[in-house]
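Trainee: My questions all concern the structure below.
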Amino acid sequence: MSAAKEERVGGMNVTDKVREKYGEAARRVLAGEGTPADCCGSTGCCSGVAAPSCDPITAHLYVNGETADLPSAAVLASLGCGNPTALAELAAGEIVLDLGSGGGIDVLLSARRVGPTGKAYGLDMTDEMLELARRNATQAGVGNVEFLKGQIEAIPLPDASVDVIISNCVINLSGDKRQVFAEAFRVLKPGGRFAVSDVVVRGDLPPAIRRSLELWVGCVAGALEEQEFVHLLGETGFEQVTIEPTRIYRSDDARGFLEVAGLGVDGSLEAIDGRIMASFIRATKPVPSAIKVRAATAADLPHVERLLRDNGLPTDGIAGLIATHPADFLVGEVAAADGSPHTVAVAGLEVRGHFALLRSTAVDPAWRAQGVGARLTRGLIALAESRSLEALYLLTTTAEDYFPRFGFTRVSRDEVPEAIAATSEFRTACPQSAAVMRRVLPAASQRSAHASP
3 MSAAKEERVG GMNVTDKVRE KYGEAARRVL AGEGTPADCC GSTGCCSGVA APSCDPITAH
63 LYVNGETADL PSAAVLASLG CGNPTALAEL AAGEIVLDLG SGGGIDVLLS ARRVGPTGKA
123 YGLDMTDEML ELARRNATQA GVGNVEFLKG QIEAIPLPDA SVDVIISNCV INLSGDKRQV
183 FAEAFRVLKP GGRFAVSDVV VRGDLPPAIR RSLELWVGCV AGALEEQEFV HLLGETGFEQ
243 VTIEPTRIYR SDDARGFLEV AGLGVDGSLE AIDGRIMASF IRATKPVPSA IKVRAATAAD
303 LPHVERLLRD NGLPTDGIAG LIATHPADFL VGEVAAADGS PHTVAVAGLE VRGHFALLRS
363 TAVDPAWRAQ GVGARLTRGL IALAESRSLE ALYLLTTTAE DYFPRFGFTR VSRDEVPEAI
423 AATSEFRTAC PQSAAVMRRV LPAASQRSAH ASP
């Protein structure tokens with residue numbers, strides 16, 4: 003798990019503003035003041051069973067009778083934009099996690115659906131919402147639930163521990179959505195389902211709306227563009243990604259958003275008409291396929307070079323490295339139709355003293371989004387740690403957003419040790435415009451500790 007990246011809009015930290023606003027919404031319900039006044043794009047009247055005149059995002063999300071046995075406080079504190087429990091097709095015995103669980107309505111509904119042999123977790127960063135949710139669970143007499151405090155960018159659950167992840171108009175509030183998806187992928191079991199309701203943008207929004215903190219906290223300005231949502235999930239490793247619009251908001255629906263934010267209504271309505279939609283987003287964490295990962299041998303060289311060329315990556319020095327240090331390279335292979343092994347992925351280390359260059363990471367396009375690239379990268383990190391190397395470096399022109407999930411951060415070329423800077427990849431193979439990234443390994447801190455007086 004890693005800390006959430008701070009997103010700032012209008013000079014204010016978005017996470018703090020979200021915590022403040024949703025904490026106030028919970029306090030109003032706890033104090034018996036009725037419906038929260040400030041919620042997901044609302045001008046008031048946020049109940050999931052609200053009248054047609056209420057906020058178009060939060061109104062009419064749950065079918066008649068679905069919330070009848072739940073505490074009224076759980077319904078009043080429903081600040082979402084959909085009903086993920088109805089669309090996630092939950093089954094008895096499953097483990098469900100609700101990201102940003104608020105007053106607990108979707109956790110309680112999920113707990114009913116998975117039954118006593120299953121369990122529903124709720125994760126929220128707001129103390130008041132957690133207090134409200136736990137009170138609602140007690141009043142509802144639901145025992146197979148647990149509410150956790152934390153941020154959705156750093157989920158406090160083990161790897162591969164959840165069958166289904168749901169969320170209701172929360173991911174758009176995060177300032178680091180890529181990290182949210184990475185964490186969701188981590189805690190899902192192989193074959194697990196990502197099934198969330200969220201606000202999605204189709205096309206561009208006017209800059210004034212994107213800059214508005216009030217609309218960010220109200221689920222609009224922070225929403226991902228539709229194709230970006232698909233791209234980020236696929237990049238994380240999810241497959242079978244689909245986005246199904248459940249409500250498309252027209253200009254009349256948007257009037258309330260703009261008035262609350264103090265933006266000029268008449269000049270903005272046409273620019274956003276039909277571009278904001280509540281959607282149901284589905285994706286699946288792939289089950290490990292028949293890809294076998296093993297150390298390379300000299301016989302792999304032609305297949306590795308072919309794979310690198312197909313991916314537009316340099317082959318400089320690869321022959322020598324594999325000939326002299328084959329165990330520093332990992333390959334992924336599958337059985338071809340005739341039963342023969344077929345190389346579909348490769349990654350390697352070029353070790354130089356106490357450091358190494360991570361290079362030649364390539365995956366056959368037909369086998370992407372299967373997690374094999376991540377398996378190779380993690381395998382090489384473990385190999386480097388076992389050899390007490392101090393740091394890994396890499397150059398990339400296309401994957402600067404991919405490697406931070408493995409602990410790499412961007413550094414300047416001046417911070418690269420001479421042994422790495424002297425490699426052919428740094429000197430000639432990669433352009434000067436390539437991003438330089440580094441992952442510090444435990445051996446570096448251990449050496450520093452031993453060197454301290």
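Each residue of the sequence shown is one higher than the last, beginning at 3 in the working numbering. A virtual CB, placed ideally from N, CA and C, is assigned to each residue, including glycine. The model shown is predicted, which means the values in this text are computed figures rather than measured ones.
For Q181, which three-state DSSP category applies?
Mentor: Against the sequence shown, residue 181 aligns to sequence position 179. If DSSP states are grouped into helix, strand and coil, Q181 belongs with the helices.
Trainee: To the nearest whole angstrom, what separates the beta carbons of I168 and A197, a pair I think is in contact under 8 Å?
Mentor: Mapped onto the sequence shown, residue 168 falls at position 166. Mapped onto the sequence shown, residue 197 falls at position 195. Right, the Cβ-Cβ distance comes to about 6 Å (below 8 Å), so this counts as a contact.
Trainee: When the Cα of K179 is compared with those of N146, V147, H233, which residue comes out closest?
Mentor: Taking the sequence shown and counting its residues from 1, the one referred to as residue 179 is at position 177. The candidate whose alpha carbon is nearest that of K179 is H233.
Trainee: Please confirm whether A298 and P343 have their CB atoms less than 9 Å apart.
Mentor: As a working note, residue 298 is residue 296 in the sequence shown. As a working note, residue 343 is residue 341 in the sequence shown. Taking 9 Å as the Cβ cut-off, A298 and P343 do not qualify as a contacting pair.
Trainee: Here's the rule: buried if 16 or more other CB atoms are within 10 angstroms of the residue's CB, otherwise exposed. What is T399?
Mentor: Indexing the sequence shown from 1 puts residue 399 at position 397. When all chains shown are included, T399 counts as exposed.
Trainee: What is the DSSP secondary structure of L443, reduced to helix, strand or coil?
Mentor: Here residue 443 is taken as the residue at index 441 of the sequence shown, counted from 1. In this structure, L443 counts as coil in the three-state DSSP scheme.
Trainee: Can you list, in chain order, the stretches of the alpha helix (DSSP H) that have 4 or more residues and sit fully within the stretch 94-128?
Mentor: Listed in chain order, the complete alpha helix (DSSP H) runs (minimum 4 residues) inside the stretch 94-128 are 107-116.
Trainee: In three-state terms, what does DSSP make of V164?
Mentor: By one-based count along the sequence shown, residue 164 stands at place 162. Three-state DSSP puts V164 in a strand.
Trainee: Can you pull the DSSP bridge partners for Y404?
Mentor: Residue numbering aside, residue 404 sits at position 402 when the sequence shown is read from its first letter. For Y404, which the question treats as bridged, DSSP gives no partner whatsoever.
Trainee: Mark D330 as exposed unless 16 or more other C-beta atoms lie within 10 angstroms of its C-beta, in which case mark it buried.
Mentor: As a working note, residue 330 is residue 328 in the sequence shown. Its Cβ being crowded by 16 or more others within 10 Å, D330 is buried.
Trainee: By Cβ distance below 6 Å, which residues in the same chain neighbour K294 in space, the five residues on each side in sequence not counted?
Mentor: Here residue 294 corresponds to residue number 292 of the sequence shown, with the count starting at 1. Counting only Cβ-Cβ distances below 6 Å, and skipping sequence neighbours, we find E335.
Trainee: Using only the alpha-carbon positions, how far apart do C171 and R249 sit?
Mentor: Here residue 171 is taken as the residue at index 169 of the sequence shown, counted from 1. Here residue 249 is taken as the residue at index 247 of the sequence shown, counted from 1. When rounded, the distance between both Cα atoms is 13 Å.
Trainee: To the nearest angstrom, how far is it from the Cα of L303 to the Cα of T345?
Mentor: As a position in the sequence shown, residue 303 is number 301, starting the count at 1. As a position in the sequence shown, residue 345 is number 343, starting the count at 1. Answer to the nearest angstrom: the Cα atoms are 10 Å apart.
Trainee: Is T244 helix, strand or coil when you go by DSSP?
Mentor: Counted from its first residue, the sequence shown places residue 244 at position 242. Looking at T244 - three-state DSSP - the assignment turns out to be strand.
Trainee: Report the start-end ranges of each alpha helix (DSSP H) in the stretch 321-351 that is 4 residues or longer and not cut off at the edges.
Mentor: Taking only runs of at least 4 residues, no alpha helix (DSSP H) segment lies wholly in the stretch 321-351.
Trainee: Give the secondary structure of V295 by DSSP, where H, G and I count as helix, E and B as strand, and everything else as coil.
Mentor: The residue you call residue 295 lines up with position 293 of the sequence shown. The answer is strand: DSSP assigns V295 an E or B state.
Trainee: Have a look at E8 and S176 and give me their C-alpha separation to the nearest angstrom.
Mentor: Numbered from its first residue, the sequence shown carries residue 8 at position 6. Numbered from its first residue, the sequence shown carries residue 176 at position 174. Confidence at E8 is low in this model, with a pLDDT of 49, below 50, so the placement of that residue should be treated as unreliable; the coordinate-derived value is given next. Their Cα atoms are separated by approximately 9 Å.
Trainee: Please list, in chain order, all residues of the same chain as A437 whose beta carbon is under 8 Å from its beta carbon, the five residues on each side excluded.
Mentor: If you number the sequence shown from 1, residue 437 lands on position 435. Excluding sequence neighbours, A437 sits near L397, T398, T399, E402, R412.
Trainee: Tell me which same chain residues have a C-beta within less than 8 Å of the C-beta of L110, skipping the five on either side of it?
Mentor: As a first step, residue 110 must be located in the sequence shown, where it is residue number 108. Once the five neighbours on either side are set aside, the close Cβ partners of L110 are L72, A76, A122, N138, A139, A142, V144, V147.
Trainee: If you scan the stretch 369-430 from start to end, which runs of the beta strand (DSSP E) of 3 or more residues do you find wholly inside it?
Mentor: With a minimum length of 3 residues, the continuous beta strand (DSSP E) runs that stay inside the stretch 369-430 are 393-398, 411-413.
Trainee: What number of angstroms, rounded off, separates the C-alpha of A285 from the C-alpha of S163?
Mentor: For the purposes of this step, residue 285 is identified with residue 283 of the sequence shown, where counting begins at 1. For the purposes of this step, residue 163 is identified with residue 161 of the sequence shown, where counting begins at 1. Cα to Cα, A285 sits roughly 17 Å from S163.
Trainee: Please state whether DSSP places N138 in a helix, a strand or coil.
Mentor: Taking the sequence shown and counting its residues from 1, the one referred to as residue 138 is at position 136. Three-state result, N138: helix.
Trainee: How would you write the range of the beta strand (DSSP E) that F363 sits in, first residue to last?
Mentor: As a first step, residue 363 is located in the sequence shown; it is residue number 361 there, counting from the start. Note that residue 363 corresponds to Thr in the displayed sequence, not to Phe. It spans 357-365 - the beta strand (DSSP E) in which T363 sits, taken as one unbroken run.
Trainee: According to DSSP, which residues form a beta bridge with E227?
Mentor: Counted from its first residue, the sequence shown places residue 227 at position 225. DSSP, once it has assigned bridges, lists V203 as partnering E227.
Trainee: Mapping DSSP to helix, strand and coil, what is G193?
Mentor: As a position in the sequence shown, residue 193 is number 191, starting the count at 1. Residue state, collapsed to three classes: strand.
Trainee: Can you check which of these residues, L351, P288, R377, is closest to I422 by C-alpha distance?
Mentor: Here residue 422 corresponds to residue number 420 of the sequence shown, with the count starting at 1. For the residues L351, P288, R377, the minimum Cα distance to I422 belongs to L351.
Trainee: Report the three-state DSSP secondary structure of I278 (helix, strand or coil).
Mentor: Indexing the sequence shown from 1 puts residue 278 at position 276. In the structure shown, I278 sits in a strand (DSSP, three-state: E or B).
Trainee: Between H356 and E392, which are expected to be in contact by the criterion C-beta below 8 Å, what is the C-beta distance as a whole number of angstroms?
Mentor: Looking up residue 356 in the sequence shown gives position 354. Looking up residue 392 in the sequence shown gives position 390. Indeed they touch by this definition, with Cβ atoms about 4 Å apart.
Trainee: Based on DSSP bridge pairs, tell me the residues matched to N170.
Mentor: Taking the first residue of the sequence shown as position 1, residue 170 is located at position 168. In the DSSP output, where bridge partners are listed per residue, N170 has S199.
Trainee: Count the other C-beta atoms from every protein chain shown that fall within 10 angstroms of the C-beta of S390, then say buried if there are 16 or more, exposed otherwise.
Mentor: Taking the sequence shown and counting its residues from 1, the one referred to as residue 390 is at position 388. Under this definition S390 is an exposed residue.
Trainee: Please report the residue range of the alpha helix (DSSP H) in which L309 lies.
Mentor: For the purposes of this step, residue 309 is taken as residue 307 along the sequence shown, with counting starting at 1. 303-312 is the extent of the alpha helix (DSSP H) around L309.
Trainee: Here's the rule: buried if 16 or more other CB atoms are within 10 angstroms of the residue's CB, otherwise exposed. What is K287?
Mentor: In the sequence shown, the residue the question calls residue 287 occupies position 285. With 16 or more other Cβ atoms within 10 Å, it is buried.
Trainee: From L99 to H305, what distance separates their C-alpha atoms?
Mentor: Residue numbering aside, residue 99 sits at position 97 when the sequence shown is read from its first letter. Residue numbering aside, residue 305 sits at position 303 when the sequence shown is read from its first letter. Their Cα atoms are separated by approximately 42 Å.
Trainee: Counting C-beta neighbours from all protein chains within 10 Å, is the total for V430 16 or more, i.e. buried, or is it exposed?
Mentor: Here residue 430 corresponds to residue number 428 of the sequence shown, with the count starting at 1. Note that residue 430 corresponds to Thr in the displayed sequence, not to Val. Per the 10 Å Cβ criterion, exposed.
Trainee: Just to confirm my understanding: we take A337, look at its own chain, exclude 5 residues before and 5 after, and list those with CB closer than 8 Å. What are they?
Mentor: Here residue 337 is taken as the residue at index 335 of the sequence shown, counted from 1. Answer for A337: A292, P343, H344, listed in chain order.
Trainee: How about A94 and G120: do their beta carbons lie closer than 9 Å?
Mentor: For this step, residue 94 is matched to residue 92 along the sequence shown. For this step, residue 120 is matched to residue 118 along the sequence shown. The answer is yes: Cβ separation under 9 Å.
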